[in-house]
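*Asks:* Numbering (this note's numbering), first residue to last: -13 to 198. We put the beta carbon where it would ideally sit given N, CA and C, even for glycine. Predicted, not measured: the structure shown is a model, and the values here were computed from it. Take this structure, written in structure tokens, and hold onto it; I'll ask about it next.
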């Protein structure tokens, strides 16, 4: 009988010990599950934050790319203020240079290289802007003509006529304050024609990107 009671006591102790272990494991398991849940929540927060930052960065990059595309596509004459808009000439870009184009008929009489009085006034306006806004940049005055052979003037050919016209514009700009050391002229004759002969007869004042 004593042996039987002793066995019962031992079994009771073992059962109690096992019950205690089970409760401890349950509590530890519960703690681990709670930690896992917290880690998952934290991971979700980090991923959401990262996604927001990446989305914001992507949005900013897209905006920058869009602005670059607009600027490269618009050219100088498409909205950028050069200070040269509003006259009887055109303003455009050639690479990073600014090009002021003036029709030959605006500047000169047919077959002539003497500036009209109205042309001198226009060139005076251009010279003021060149001095005030582009004083540190070189200037090239380019003369162009159409392809019709010269028959009734003193010029040997279109190259000579375009050279004299470019030189007349250069000299007038110098007389209006442009430094002679920053400006020069070049003749292209019928090279680089425009859509019509009238448009091809022109002088272009090119504001170079950087000092001459």
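(1) Check this for me: beta carbons of residue 189 and residue 125, under 8 Å apart or not?
(2) Helix, strand or coil for residue 101? Go by DSSP, reduced to three states.
(3) Alpha carbons only, please: which of 67, 28, 89, 83 is nearest the one belonging to residue 76?
(4) DSSP puts residue 94 in a beta bridge; with which residues?
(5) Rounded to the nearest angstrom, how far is the Cβ of residue 174 from that of residue 146, given a contact under 8 Å?
(6) Drop a sphere of 10 angstroms on the beta-carbon of residue 67, count the other beta-carbons inside from all chains shown, and report buried for 16 or more, exposed for fewer.
(7) List the endpoints of the continuous beta strand (DSSP E) containing residue 80.
(8) Over the uninterrupted beta strand (DSSP E) stretch that includes residue 190, give me the two end residues.
(9) Below 6 Å CB to CB, which residues in the same chain sit around residue 183 once its five sequence neighbours on both sides are set aside?
(10) Starting from residue 148, trace the beta strand (DSSP E) in both directions and tell me its first and last residue.
(11) Taking only the alpha-carbon atoms, compute the straight-line gap between residue 93 and residue 167 and give it to the nearest angstrom.
(12) Give a yes or no on whether the C-beta atoms belonging to residue 155 and residue 194 are separated by under 8 Å.
(13) Check the DSSP bridge columns for residue 83 and list the partner residues they point to.
(14) When DSSP labels each residue in this structure, what does residue 16 get in the three-state scheme?
(15) Hey, how far is the Cα of residue 177 from the Cα of residue 130?
(16) So, does the segment 133 to 152 touch the segment 111 to 119, judging by three or more C-beta pairs under 8 Å?
(17) Quick one: is the Cβ of residue 176 within less than 7 Å of any heavy atom of the ligand COA?
*Replies:* Result, derived from the coordinates:
(1) Locating residue 189 in the chain shown gives position 203, counting from the first residue. Locating residue 125 in the chain shown gives position 139, counting from the first residue. Cβ distance not < 8 Å, so residue 189 and residue 125 don't count as in contact.
(2) Taking the first residue of the chain shown as 1, we reach residue 101 at position 115. Residue 101 sits in a strand when the DSSP states are folded into three classes.
(3) Here residue 76 refers to the residue found at position 90 when the chain shown is read from its first residue. Comparing Cα positions, the closest option is 89.
(4) As a working note, residue 94 is residue 108 in the chain shown. Answer is 101, bridged to residue 94.
(5) Taking the first residue of the chain shown as 1, we reach residue 174 at position 188. Taking the first residue of the chain shown as 1, we reach residue 146 at position 160. That belief does not hold up - the Cβ atoms of residue 174 and residue 146 are roughly 12 Å apart, past 8 Å.
(6) Looking up residue 67 in the chain shown gives position 81. The residue is exposed, with fewer than 16 neighbouring Cβ atoms inside 10 Å.
(7) In the chain shown, residue 80 corresponds to position 94, counting from 1. 76 to 80 is the span of the beta strand (DSSP E), which, as asked, contains residue 80.
(8) Sequence index remark: in the chain shown, residue 190 carries index 204 (1-based). Element bounds for residue 190: 188 to 193.
(9) As a working note, residue 183 is residue 197 in the chain shown. Counting only Cβ-Cβ distances below 6 Å, and skipping sequence neighbours, we find 132.
(10) For the purposes of this step, residue 148 is identified with residue 162 of the chain shown, where counting begins at 1. Taken as a continuous stretch (DSSP letters only), residue 148 belongs to no beta strand (DSSP E), being part of the alpha helix (DSSP H) at 144 to 161.
(11) The residue you call residue 93 lines up with position 107 of the chain shown. The residue you call residue 167 lines up with position 181 of the chain shown. Approximately 24 Å between the Cα atoms of the pair.
(12) Numbered from 1 along the chain shown, position 169 holds the residue referred to as residue 155. Numbered from 1 along the chain shown, position 208 holds the residue referred to as residue 194. Contact flag unset, no.
(13) Residue mapping note: residue 83 aligns to position 97 of the chain shown, counting from 1. In DSSP, residue 83 forms a bridge with 80.
(14) To locate residue 16, count along the chain shown from 1; it is residue 30. Residue 16 falls in the helix class under three-state DSSP.
(15) Here residue 177 is taken as the residue at index 191 of the chain shown, counted from 1. Here residue 130 is taken as the residue at index 144 of the chain shown, counted from 1. Near 7 Å, if we compare the C-alpha coordinates of residue 130 and residue 177.
(16) no
(17) Ligands displayed in this structure: none; no statement on the ligand COA is therefore possible.
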